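Numbering (this note's numbering), first residue to last: 35 to 254. Here the structure is laid out as structure tokens; the discussion comes afterwards.
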């Protein structure tokens, strides 16, 4: 128990007899453990990564293996949980994810079009998390975008109202294409949702300058 106590920061006598809700971090959905109980009741072993809350409020991550133990009559008597500290694995994955993000952002900065990402904040407002590409310099938008992370702060109210419907559609999991006029530029915009599991957490988009093409079409 000493290794586990070191992770959860509880004394052994504080844990014995308590339910797992003692370590509830709020990071798992309410029905997350339903499958575990179904499998254990069928006599099957359950495995998963868990993010628990320690006594001091910090989060620790483990890989849990829960084994059902039967009595001599074949009835479930108790459960054996084997927990492995995976903090190093989680940190390595986060570092790799950040490195890939940085590399992608550097690459996007040198593209001729514009590349951007956006998400919803806690208030449900759409905020930009990335805005790169040489097209932005051409449009005069690159210098201070970080100080104006909401769409309505970067483009006109009319353009923001027009774009918002398309932006919301991408959060439903739909691939979205549309044309819009911003700052005397005609742009072709593609939006692609990014998923974590079945949930759209962020949207990545590209904007291509089609001003010359639209001018040619008007002259024909």
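Here a beta-carbon is modelled for each residue, glycine too, at the ideal position from N, C-alpha and C. Owing to the predicted nature of the structure, the values given are computational and were not obtained by experimental measurement.
DSSP three-state assignment for residue i, whether helix, strand or coil
i	result
residue 206	coil
residue 62	coil
residue 88	coil
residue 136	helix
residue 52	coil
residue 154	strand
residue 82	strand
residue 43	coil
residue 194	helix
residue 189	coil
Cβ neighbours of residue i in the same chain (closer than 8 Å, five flanking residues each side left out)
i	result
residue 120	83, 95, 96, 97
residue 244	213, 220, 221, 222
residue 193	214, 215, 216
residue 113	74, 100, 101, 102, 103
residue 39	45, 46, 49
Beta strand (DSSP E) segment containing residue i, residue limits
i	result
residue 119	110–119
residue 253	Taken as a continuous stretch (DSSP letters only), residue 253 belongs to no beta strand (DSSP E), being part of the alpha helix (DSSP H) at 245–253.
residue 104	93–104
Alpha helix (DSSP H) segment containing residue i, residue limits
i	result
residue 170	168–173
residue 75	68–75
residue 46	46–49
For residue i: DSSP bridge partner residues
i	result
residue 143	In the DSSP output, where bridge partners are listed per residue, residue 143 has none listed.
residue 213	222
residue 240	149, 224
residue 160	154
residue 233	230
residue 165	150
residue 125	For residue 125, which the question treats as bridged, DSSP gives no partner whatsoever.
residue 184	161
Cβ-based neighbour list, residue i, same chain, cut-off 7 Å, excluding 5 preceding and 5 following
i	result
residue 224	211, 239, 240
residue 57	42, 86, 87
residue 124	95
residue 142	149, 166, 167
residue 159	184
residue 80	70, 73, 74, 100
Cβ neighbours of residue i in the same chain (closer than 6 Å, five flanking residues each side left out)
i	result
residue 168	146
residue 59	85, 86, 87, 93
residue 236	151, 153, 228
residue 116	99
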